[in-house]
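The opening residue of the sequence shown carries number 1 in the UniProt record's numbering; numbering runs sequentially from there.
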Amino acid sequence: MDPRSEVLLRQAELFQGSVLLAGLPADDLLGRLPDAFGWCWHAGDQAMLEARFAGRSHFGVHAPERGFDSAVVFLPKAKDLTDYLLNAVAARLAGREVYLVGEKRGGIEGAAKQLNPFGKPRKLDSARHCQLWQVTVAQAPAAKPLESLAQTYELPLAEGPLKVISLPGVFSHGRLDRGSALLLEHLDKLPGGHLLDFGCGAGVLGAAVKRRYPDTQVTLLDVDAFAAASSRLTLAANGLEGDVLTGDGIDAAPLGLNAILTNPPFHTGVHTDYQATENLLRKAAKHLKTGGELRLVANSFLKYQPLIEEHLGACSVRAEGQGFRIYSAKRA
């Protein structure tokens, strides 16, 4: 059981009614709170919740339409995403309770101040290295459209400026990260055909490839619904076409790819997690055609080259700089 869920269950009498659990972990919490309903934007967590509690968790970037008597927001990593979630639930809970739960190392104590616009927050519990806060919504705020919280920036590419639109909670929100910047400088000689932007975030790499190689079929894949929504906005803002998918890692990707381009994540919330990338490296060959290329950028300290060579074949370093390396390998 996730420690945040354990803290909620210490106060289980507060959550026996119709309560929305926003950003809930994929544990047994729904089984312990029979009238609760989940709101999830992580495709892997959603798949596990659906398998165990069919029909009891909503997937997407918008709160479910159904009514609820109170809401618990599980503190995400990004402050602006917390603001969006709290606003989305408080807008529908005038005179009722909103709770915020999170780990101390995730910044829950500071994040509790984000409850101030809705009323006077109070701490209900502190246990399992977590805290639980509560506020009674004095006056329901106007719901903020998600798109109004988007950040936009332009990249000066050789083919013309590329407009990037990112939503709260998306990796490198509102700016280009150094790894993707290095990879953008080395998009030459990519195989034609069907390319996958794995862990697409705001869609920077996939959109840049489609701009440079318009005949390439581009698929963008991310585990996070906010990232997928951002990628769709980025493609639309530049008049580009691509298939955007949400799914739990490379297993959700199409087969028969000519190339996989990726700046893969290695964090889940505040925790370090290499599982999605390591799974990609083990299974990339299954998704690539013969001669298909994996091109990956990663922090130099991450020892991915031996794993690539074990599962895909000879791996070369195409470029490196500012603490990052670009690895390239082709399926034999």
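Positions of the beta carbon are idealized from the N, C-alpha and C atoms, including for glycine.
| Item | Value |
| --- | --- |
| In whole angstroms, what is the alpha-carbon distance linking Glu320 and Asp222? | 25 angstroms |
| Based on Cα-Cα distance, which residue from Val317, Glu278, Gln322, Ile308 lies nearest to Ala332? | Ile308 |
| Confirm, please, whether the CB-CB distance from Gly67 to Trp41 is below 9 angstroms. | no |
| So who's on the other strand from Lys330, going by DSSP bridges? | Glu293 |
| Can you tell me which of the three DSSP states Asp80 falls into? | helix |
| Which residue wins for smallest C-alpha separation from Asp35, given the options Ala71, Ser18, Tyr153? | Ser18 |
| Apply the 10 Å Cβ neighbour rule to Pro264 and answer buried if 16 or more other Cβ atoms are within range, or exposed otherwise. | buried |
| Classify Pro214 as buried or exposed, calling it buried when 16 or more other Cβ atoms lie within 10 Å of its own Cβ. | exposed |
| How many angstroms separate the CA atom of Ala26 from the CA atom of Asp45? | 5 angstroms |
| Roughly how many angstroms separate the alpha carbons of Asp197 and His58, rounded to a whole number? | 26 angstroms |
| Going by C-alpha to C-alpha distance, which of Lys163, Ala329, Pro168 sits closest to His311? | Ala329 |
| State the Cα-Cα distance for the pair Ala178 and Leu261, rounded to the nearest angstrom. | Note that residue 178 is Arg in the sequence shown, not Ala. One C-alpha to the other measures close to 15 angstroms. |
| Kindly indicate which residue of His62, Tyr84, Tyr99 has the alpha-carbon position closest to the one of Ala12. | Tyr99 |
| Determine the DSSP secondary structure at Ala319, reduced to helix, strand or coil. | strand |
| From this set, Gly106, Ala63, Asp188, Asn87, which residue's C-alpha is nearest Leu75's C-alpha? | Gly106 |
| Leu20 and Ser70: beta carbons closer than 9 angstroms? | yes |
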